[in-house]
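Following full-length UniProt numbering, the numbering of the sequence shown begins with 1 at its first residue and continues without gaps.
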Amino acid sequence: MALWGGRFTQAADTRFKDFNDSLRFDYRLAVQDIVGSIAWSKALVTVNVLSSQEQQQLELALAELKASVEDNPKQILASDAEDIHSWVEQQLIAKVGDLGKKLHTGRSRNDQVATDLKLWCREQAEVLLSALEQLQQQMVKVAQAHQTTVLPGYTHLQRAQPVTFAHWCLAYVDMFERDHSRLKDAAARLNTCPLGSGALAGTAYPMDREQIAHNLGFSRATRNSLDSVSDRDHVLELMSVASISMLHLSRLAEDMIFYNSGEANFIELADTVTSGSSLMPQKKNPDALELIRGKTGRVYGSLAGMMMTVKALPLAYNKDMQEDKEGLFDALDTWFDCTVMAALCFDGIKVNAERTLEAAQQGYANATELADYLVAKGIPFREAHHIVGVAVVGAIEKGCALEALSLAELKAFSAVIEEDVYAILTIESCLAKRNALGGVAPEQVAFAIEQAQARLK
Ligand code: ARG
1 MALWGGRFTQ AADTRFKDFN DSLRFDYRLA VQDIVGSIAW SKALVTVNVL SSQEQQQLEL
61 ALAELKASVE DNPKQILASD AEDIHSWVEQ QLIAKVGDLG KKLHTGRSRN DQVATDLKLW
121 CREQAEVLLS ALEQLQQQMV KVAQAHQTTV LPGYTHLQRA QPVTFAHWCL AYVDMFERDH
181 SRLKDAAARL NTCPLGSGAL AGTAYPMDRE QIAHNLGFSR ATRNSLDSVS DRDHVLELMS
241 VASISMLHLS RLAEDMIFYN SGEANFIELA DTVTSGSSLM PQKKNPDALE LIRGKTGRVY
301 GSLAGMMMTV KALPLAYNKD MQEDKEGLFD ALDTWFDCTV MAALCFDGIK VNAERTLEAA
361 QQGYANATEL ADYLVAKGIP FREAHHIVGV AVVGAIEKGC ALEALSLAEL KAFSAVIEED
421 VYAILTIESC LAKRNALGGV APEQVAFAIE QAQARLK
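As structure tokens, then:
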């Protein structure tokens, strides 16, 4: 039985019903719908629609239903109810009879679905915040273990200056911390309660909406009934936060796919997050990381889709808005899965420190050091830059590193170069010199780890 049969003499075309029904995806809002219904039943007591005793009876039945769907949410899918709101009402009527028919007094599915979805978003935000924290914790742990592991740092995918594996990890920790902060902001902003806004103009029962909001753990009631039932900013915001975080995850994945490649050979991923090839027995593919990179696309797709759906949509509720859920569910599920998977990829990771050191030593990554050295000896930087460029060409011709050139050879590029240049050209010196806040010097990285740990406590 649909919720709205009275005005109709013909049954819905089954093809229309299939097209229109949302139960197959909004069944995920069952618990939220029940919790919202309990709050609504309490509000109905305050306006004398329900007696306290009737309310208790409804609440008991709703609590039973909640326990049952928590135990087995998929049971809902066996029903042909139009949506989760209809399903809950049907179940309630089956349990308590005609009393169940009183619950929808003064309420619309428009304020109901807006409330359910916000409750769901709020819970999901908590789950995601904790996943982001775990990923950060994991990466700080890896950073701690790899403070002395030298890694070539790149610009333009060319070896630029040496960094450490720890420093690289901490770069991502900062990105995920910003995602965490964005998500917290979004969660705080969405925490307002639309219930009691009716279909669009407000409920005709003089209830205390702040009290309802309070009962449901919202920070306050929404202000305008038209906006309350039309607003899907929270859906868009969560998907934008997810998109930015997926962007970070995709960069992490891409870095690691490259590090894991036979060409780089910087890291080896554990067997637990890689798969083999059906044809080529030697292969161990970074599937988890490739999927993270690939799934980034569908999250952006959901955001773009919802932007288009809401664009130019007239006030107030329109059925278009039912399109909010599948994209949101998929985007947040995907974001969660990828965050967990990224953390898992660091379990049992092997960093080939000999190889990363060797790579950092190649590629003239200490050329800047030589230029700074010349500057210290009184040569203007622009000139020093040129001298070192010429020296690099000389070393390339000889097929060796800068520090492998003899003093006499180096002096040919600039007479000011002395024996003390060799100490400057070591990786240790390159790293240690970058000791301003945020730099790669061991002291700074140790400080950064300490700070990250304190923030994550
Ligand atoms: N299934 C609907 C949705 O997800 C619930 C609200 C229905 N409201 C309405 N006026 N038909 O948006």
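Glycine is no exception: its CB is placed at the ideal position from the N, C-alpha and C atoms.
None of the values given here were measured: they were computed from a predicted structure.
Assignment of Q124 by DSSP, reduced to helix, strand and coil, places it in the helix class. Less than 8 Å divides the Cβ of V31 from the Cβ of K66.
Two segments are said to touch when three or more pairs of C-beta atoms, one from each, lie closer than 8 Å; by this definition the region 210–223 touches the region 189–201. DSSP, read as helix, strand or coil, puts V47 in coil.
Looking at the DSSP output, E268 bridges to K350.
L44 and G305 have their alpha carbons spaced roughly 38 Å apart. In this chain, the alpha helix (DSSP H) harbouring L289 covers 287–310. The residue among H386, S68, V351, F258 with its C-alpha nearest the C-alpha of T368 is H386.
Per DSSP, reduced to three states, the secondary structure at A78 is helical.
If one requires a minimum length of 4 residues, the alpha helix (DSSP H) runs lying completely within the region 153–227 are 165–190, 209–215, in chain order. Under the DSSP assignment, H385 falls in the alpha helix (DSSP H) whose first and last residues are 381–398. In this structure, the C-beta of Q322 approaches ligand 1 to less than 7 Å from one of its heavy atoms. The alpha carbon of N72 has as its nearest neighbour, out of L60, M308, R28, the alpha carbon of R28.
Within the same chain, Cβ atoms closer than 7 Å to the Cβ of A131 are found at F336, T339, V340, the five residues on either side in sequence being excluded.
Closer than 7 Å to some heavy atom of ligand 1: that does not describe the Cβ of H104. Nearest Cα to E326 within the set G276, L236, A186: L236.
In this structure the region 174–182 touches the region 234–249; the number of beta carbon pairs closer than 8 Å is three or more.
In the DSSP assignment, V375 falls within the unbroken alpha helix (DSSP H) covering 367–376. Rounded to whole angstroms, the separation of the alpha carbons of F447 and R24 is 51 Å. Distances from the CA of Q451 to each of S278, T426, A143 were compared; the closest alpha carbon is that of A143.
For the pair of segments examined, the region 311–324 was found not to touch the region 375–383: the number of CB pairs separated by less than 8 Å stays below three. Taking C-beta separations shorter than 7 Å and ignoring five residues to either side along the sequence, the partners of K411 in its chain run I417, following chain order. According to DSSP, V150 shares a beta bridge with T164. Contact between V173 and Q124 is ruled out by a C-beta separation of about 23 Å, above the 8 Å threshold. Ranked by how close their Cα comes to the Cα of S68, the residues I34, T222, R107 have I34 in first place. The region 312–320 and the region 214–222 do not touch, with fewer than 3 CB-CB distances between them shorter than 8 Å. Residues of the same chain with a CB within less than 6 Å of the CB of T296, apart from the 5 flanking positions on each side, are M246, S250 in chain order.
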